[in-house]
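Sequence order for the protein chains is A and B. Counted from 1, the first sequence has number 621 at position 215 by the working numbering; the numbering is strictly sequential. Counted from 1, the second sequence has number 423 at position 17 by the working numbering; the numbering is strictly sequential. Data block below; observations after.
Number of protein chains: 2
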Amino acid sequence: MAIDYQGLVTQGLARQISEKIRDAILEGRLQVHERLPTEEELAARFSVSRPTIREALKRLAAQNLIRSRRGPTGGTFVNRPSRDDARGLVATAAALLVSMGEFTLADIAEARQQIEIVCCGLAAQRRTDEQLAAMAEEIRLQRDPALLDADFCASDVRFHRTLVEAAGNPALEFAAAGVLDSLQPAVNLVIFRFRDRRQVALQHERLHRALEARNGEAACAALTDYMNALRRQYRKAQALRAAPVAPAVGGVRG
Amino acid sequence: MAIDYQGLVTQGLARQISEKIRDAILEGRLQVHERLPTEEELAARFSVSRPTIREALKRLAAQNLIRSRRGPTGGTFVNRPSRDDARGLVATAAALLVSMGEFTLADIAEARQQIEIVCCGLAAQRRTDEQLAAMAEEIRLQRDPALLDADFCASDVRFHRTLVEAAGNPALEFAAAGVLDSLQPAVNLVIFRFRDRRQVALQHERLHRALEARNGEAACAALTDYMNALRRQYRKAQALRAAPVAPAVGGVRG
DNA sequence: CTCTACCATTTGTCTGACAAATTAGGGAAT
DNA sequence: ATTCCCTAATTTGTCAGACAAATGGTAGAG
Numbered sequence: 407m408a409i410d411y412q413g414l415v416t417q418g419l420a421r422q423i424s425e426k427i428r429d430a431i432l433e434g435r436l437q438v439h440e441r442l443p444t445e446e447e448l449a450a451r452f453s454v455s456r457p458t459i460r461e462a463l464k465r466l467a468a469q470n471l472i473r474s475r476r477g478p479t480g481g482t483f484v485n486r487p488s489r490d491d492a493r494g495l496v497a498t499a500a501a502l503l504v505s506m507g508e509f510t511l512a513d514i515a516e517a518r519q520q521i522e523i524v525c526c527g528l529a530a531q532r533r534t535d536e537q538l539a540a541m542a543e544e545i546r547l548q549r550d551p552a553l554l555d556a557d558f559c560a561s562d563v564r565f566h567r568t569l570v571e572a573a574g575n576p577a578l579e580f581a582a583a584g585v586l587d588s589l590q591p592a593v594n595l596v597i598f599r600f601r602d603r604r605q606v607a608l609q610h611e612r613l614h615r616a617l618e619a620r621n622g623e624a625a626c627a628a629l630t631d632y633m634n635a636l637r638r639q640y641r642k643a644q645a646l647r648a649a650p651v652a653p654a655v656g657g658v659r660g
Numbered sequence: 407m408a409i410d411y412q413g414l415v416t417q418g419l420a421r422q423i424s425e426k427i428r429d430a431i432l433e434g435r436l437q438v439h440e441r442l443p444t445e446e447e448l449a450a451r452f453s454v455s456r457p458t459i460r461e462a463l464k465r466l467a468a469q470n471l472i473r474s475r476r477g478p479t480g481g482t483f484v485n486r487p488s489r490d491d492a493r494g495l496v497a498t499a500a501a502l503l504v505s506m507g508e509f510t511l512a513d514i515a516e517a518r519q520q521i522e523i524v525c526c527g528l529a530a531q532r533r534t535d536e537q538l539a540a541m542a543e544e545i546r547l548q549r550d551p552a553l554l555d556a557d558f559c560a561s562d563v564r565f566h567r568t569l570v571e572a573a574g575n576p577a578l579e580f581a582a583a584g585v586l587d588s589l590q591p592a593v594n595l596v597i598f599r600f601r602d603r604r605q606v607a608l609q610h611e612r613l614h615r616a617l618e619a620r621n622g623e624a625a626c627a628a629l630t631d632y633m634n635a636l637r638r639q640y641r642k643a644q645a646l647r648a649a650p651v652a653p654a655v656g657g658v659r660g
């Protein structure tokens with residue numbers, strides 16, 4: 407392969423430029439909060455026009471890699487990527503894959519169960535009192551009969567996110583982000599009609615007590631029961647969707 | 407909160423437009439492979455200029471949500487998001503977080519161990535012969551003394567990715583993508599000098615045999631030993647970095 | 001010394017234009 | 001009649017210049 411021919415320039419200037427800058431950030435040649443040259447200067451450096459530079463910067467802005475401000479002290483700055491930003495990116499990607507049917511609900515439920523079981527073991531050792539209190543607060547919320555279904559689901563997500571957080575491992579939290587923030591709502595949307603909210607709150611409380619006592623095995627058992635119940639309800643929902651005698655399930659498409 | 411004041415238009419037109427289109431895709435109002443209007447028509451619809459539309463489209467292109475082609479049958483099309491694209495996004499985000507020091511190496515190692523242990527149990531039941539063969543091939547590669555360190559690490563990553571794949575759960579695979587594709591190379595870069603390659607290949611083979619026999623517990627045990635050894639070597643590397651008597655570790659910054 | 005008004009700088013957006021790519025269709029040659 | 005090539009049309013990619021909006025600094029007035 408002695409062929410290069412000057413690097414195949416047929417891929418779009420903006421794309422190449424954005425990748426150059428992205429690599430510079432990833433490799434640390436551009437420090438966080440460092441201000442990069444003005445758009446005009448960048449255009450001169452790369453020998454392209456300003457709109458092209460702007461398109462390249464937009465690509466990076468879409469990934470939250472840079473931020474821009476107007477004014478004399480303004481300009482384009484390298485962003486410190488926050489965990490929440492990363493979580494959002496992962497959640498979006500996961501949501502897309504779900505909506506395209508790349509995952510089955512059974513896949514999602516299983517992945518969630520396995521990851522959360524891991525978290526239960528770790529959280530039993532490492533949970534803080536604050537995290538315990540946050541879980542208790544969600545349980546209290548979930549007991550409110552006036553709570554809307556959507557809010558109940560949101561509370562459910564927050565509860566389980568707190569569980570993962572209580573495992574005290576940011577890397578694990580990152581890995582779980584996609585499954586929790588995006589996949590669980592998908593599950594909820596399908597089957598929340600069939601979920602007994604009091605039962606859910608009860609199981610949550612059982613889990614909470616186990617973590618309070620730092621009893622990892624009890625926590626795992628509680629979670630397993632919870633997930634098994636969820637799976638039963640999911641199968642029930644699936645059966646009804648397969649043979650929809652009564653329009654019990656509201657159509658997803660409005 | 408009776409305040410809205412027409413929705414705060416101070417966020418950038420391109421951003422708003424890209425979010426509108428993104429939501430349309432996520433909610434299924436735009437089908438995959440559907441062609442959306444030409445840039446000119448979009449500009450007219452949104453009452454903005456074409457560069458603004460282009461900036462919005464660039465943001466979406468950066469997320470692989472759309473693709474563009476020139477020509478009469480060209481235009482902008484909705485992309486079917488592939489798992490590899492998603493994996494790439496997650497890996498990039500993870501790499502960024504690692505380079506910013508959001509995760510410690512201990513976090514990463516633990517997350518990897520926990521997730522892979524889960525996969526071991528599932529893979530013992532579900533692994534296909536093809537996956538088994540792929541693992542064997544990697545082991546054969548890893549036994550080659552002429553293999554470069556970088557290639558050895560790459561083979562290591564592929565081996566473990568196959569393990570996750572053998573668990574037969576796409577959602578779990580997605581969750582593990584960040585930890586495997588991006589975090590493990592980071593680990594390898596730090597400590598690969600200290601890893602006994604024959605030892606690694608041996609442990610891999612032990613894992614391979616356990617999966618071949620569909621023995622989940624043996625697979626978990628093999629992986630645990632492997633990860634514990636890795637952790638020991640990591641601590642050794644860390645100690646050397648803390649007190650660098652000899653320049654055994656090449657600087658990362660060249 | 002403090003506050004206000006102006007100003008310079010930088011990004012955000014617009015207008016208009018041309019270049020490049022790619023397909024459709026017509027015309028010519030076999 | 002069929003096949004090949006060439007031209008034209010359409011759409012994105014890039015460029016150039018300009019003005020608007022925001023924002024922080026600074027000079028001047030009280």
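Note that beta-carbon positions come from the ideal geometry of N, C-alpha and C, so glycine has one too.
### Message
As an exercise, report each continuous beta strand (DSSP E) stretch of at least 3 residues that is fully enclosed by the stretch 546-620 of chain B, in chain order.
### Response
Entirely contained in the stretch 546-620 of chain B, not one beta strand (DSSP E) run reaches 3 residues.
#### Entry: Nearest-angstrom Cα separation, counted from B/Ala643 out to B/Ala654
Residue placement at B/Ala654 is poorly supported in this model, since its pLDDT is 38, which falls under 50; the coordinates still yield a value, given next. Distance between the alpha carbons of B/Ala654 and B/Ala643: 10 angstroms.
#### Entry: Closer than 7 angstroms at the beta carbon, the chain A residues around B/Arg460
Chain-order list of chain A residues neighbouring B/Arg460: Glu461, by C-beta distance under 7 angstroms.
### Query
Mind checking if B/Glu516 is an interface residue toward chain A, Cβ cutoff 9 angstroms exclusive?
Taking 9 angstroms as the threshold, the shortest C-beta distance from B/Glu516 to chain A falls below it.
### Task
Could you pull out every unbroken beta strand (DSSP E) segment of at least 3 residues lying fully inside the stretch 461-495 of chain A, listed in chain order?
As far as the stretch 461-495 of chain A is concerned, its whole beta strand (DSSP E) runs of at least 3 residues are 472-475 and 481-484.
### Query
Which residues bound the alpha helix (DSSP H) around A/Gln519?
Counting along the chain, the alpha helix (DSSP H) containing A/Gln519 begins and ends at Leu511 to Arg532.
### Message
If contacts are defined as beta-carbon pairs under 8 angstroms, then A/Gln352 and A/Arg620 qualify, I think. What distance do you get, rounded to the angstrom?
### Response
Outside the displayed range of chain A (407 to 660) lies residue 352 of chain A, so it cannot be described from this structure.
### Query
Along the stretch 500-513 of chain B, what residues have a CB closer than 7 angstroms to any CB found in chain A?
So the list reads Ala500, Ala501, Leu502, Leu503, Ser505, Met506, Glu508, Phe509 and Asp513, given in the order they occur along the chain.
### Residue environment, A/Asn634, which counts as buried when at least 16 other CB atoms sit within 10 Å
Burial call: exposed.
### Query
Going along the chain, which residues of its own chain have a beta-carbon closer than 6 angstroms to the beta-carbon of A/Tyr632, five neighbours each way excluded?
Short of 6 angstroms from the beta carbon of A/Tyr632, and not among the five residues preceding or following it, lie these beta carbons of its own chain, in chain order: Gln609.
### Message
Can you tell me where the alpha helix (DSSP H) holding B/Glu445 begins and where it ends?
### Response
Glu445 to Phe452 is the span of the alpha helix (DSSP H), which, as asked, contains B/Glu445.
### Query
Quick one, are the C-beta atoms of A/Gly670 and A/Ala530 less than 9 angstroms apart?
Coverage of chain A is limited to positions 407 through 660, which leaves residue 670 of chain A absent and any answer about it impossible.
### Task
Report the rounded CA-to-CA distance for B/His566 versus B/Gly480, giving the unit in angstroms.
Rounded to the nearest angstrom, the two C-alpha atoms are 40 angstroms apart.
### Task
May I have the straight-line CA-CA distance separating B/Arg637 from A/Ile521, to the nearest angstrom?
Those two C-alpha atoms are separated by around 21 angstroms.
### Query
Who are the neighbours of A/Pro478 on chain B, taking C-beta pairs under 9 angstroms?
Here the premise fails: no neighbours, minimum Cβ distance about 20 angstroms.
### Message
Can you tell me which residues form a DSSP beta bridge with B/Leu432?
### Response
B/Leu432 pairs with nothing; no bridge assigned.
#### Entry: Under 9 angstroms between C-beta atoms of B/Ala499 and A/Gln469
Yes, Cβ-Cβ distance for B/Ala499 and A/Gln469 is below 9 angstroms.
#### Entry: Proximity of B/Arg476 and B/Phe483 at Cβ, strictly below 9 angstroms
In this structure, the beta-carbon distance from B/Arg476 to B/Phe483 does not fall below 9 angstroms.
### Message
When you compare the CB of A/Lys426 with every CB in chain B, is at least one pair closer than 9 angstroms?
### Response
No, no contact with chain B.
### Task
Decide if A/Glu536 is buried, meaning its Cβ has at least 16 other Cβ atoms within 10 Å, or exposed.
Note on A/Glu536: under 16 other CB atoms within 10 angstroms of its CB, so exposed under the neighbour-count rule.
#### Entry: Beta-carbon gap between B/Ala467 and A/Arg451 smaller than 9 angstroms
Contact flag unset, no.
### Residues of the stretch 422-448 of chain B with Cβ closer than 9 angstroms to any Cβ of chain A, in chain order
Of all residues in the stretch 422-448 of chain B, only Ser424, Arg428, Ile431, Leu432, Glu433, Gly434 and Val438 come within less than 9 angstroms of chain A when Cβ atoms are compared, listed by chain position.
### Query
Is the CB of A/Gly481 under 9 angstroms away from at least one CB in chain B?
Taking Cβ atoms only, chain B never reaches closer than 9 angstroms to A/Gly481, which makes this a no.
### Task
Answer yes or no: do B/Glu461 and B/Ser505 have a C-beta to C-beta separation smaller than 9 angstroms?
Cβ distance not < 9 angstroms, so B/Glu461 and B/Ser505 don't count as in contact.
#### Entry: Integer-rounded CB distance, given that A/Phe509 should sit under 8 angstroms from A/Leu503
The Cβ separation is near 6 angstroms, so the contact holds.
### Task
Kindly list, in the order they appear in chain A, the residues whose Cβ is closer than 9 angstroms to that of B/Phe452.
Result: empty, since nearest Cβ-Cβ is about 16 angstroms, beyond 9 angstroms.
### For A/Asp490, the nearest candidate out of A/Asp557, A/Glu579, A/Ala573 and A/Ala628 (CA to CA)
Selected option, being the one with the closest Cα: A/Glu579.
### Task
At 8 angstroms on the CB atoms, spell out the chain A contacts of B/Arg465, in chain order.
Per Cβ cutoff of 8 angstroms: Lys464, Arg465, Ala467 and Ala468.
### Query
Which whole-angstrom value is the C-beta distance of B/Arg471 and B/Ile431, which I expect to be below 8 angstroms?
Looking at the sequence itself, residue 471 of chain B is Leu, so the reference to Arg does not match. Between B/Leu471 and B/Ile431, the beta carbon gap of about 6 angstroms places them in contact (Cβ cut-off 8 angstroms).
### Task
Please list the partners that A/Ile472 has in chain B, where partner means a Cβ-to-Cβ separation under 9 angstroms.
Simply none; closest approach about 12 angstroms.
### Query
So what does DSSP say about A/Leu636, is it helix, strand or coil?
It is helical.
### Per DSSP, the bridge partner or partners of A/Leu442
Under the DSSP definition of a beta bridge, A/Leu442 partners with A/Thr482.
### Task
Just mark A/Glu544 as buried or exposed, buried being the case when its beta carbon has 16 or more other beta carbons within 10 Å.
Around the beta-carbon of A/Glu544, 16 or more other beta-carbon atoms lie within 10 Å, marking it buried.
### Message
Are the CB atoms of B/Ala616 and B/Ala625 within a distance shorter than 9 angstroms?
### Response
Contact flag set, yes.
### Task
Kindly list, in the order they appear in chain B, the residues whose Cβ is closer than 7 angstroms to that of A/Asn575.
Within chain B, the residues whose beta carbon sits less than 7 angstroms from that of A/Asn575 are Asp513, Glu516 and Ala517, listed in sequence order.
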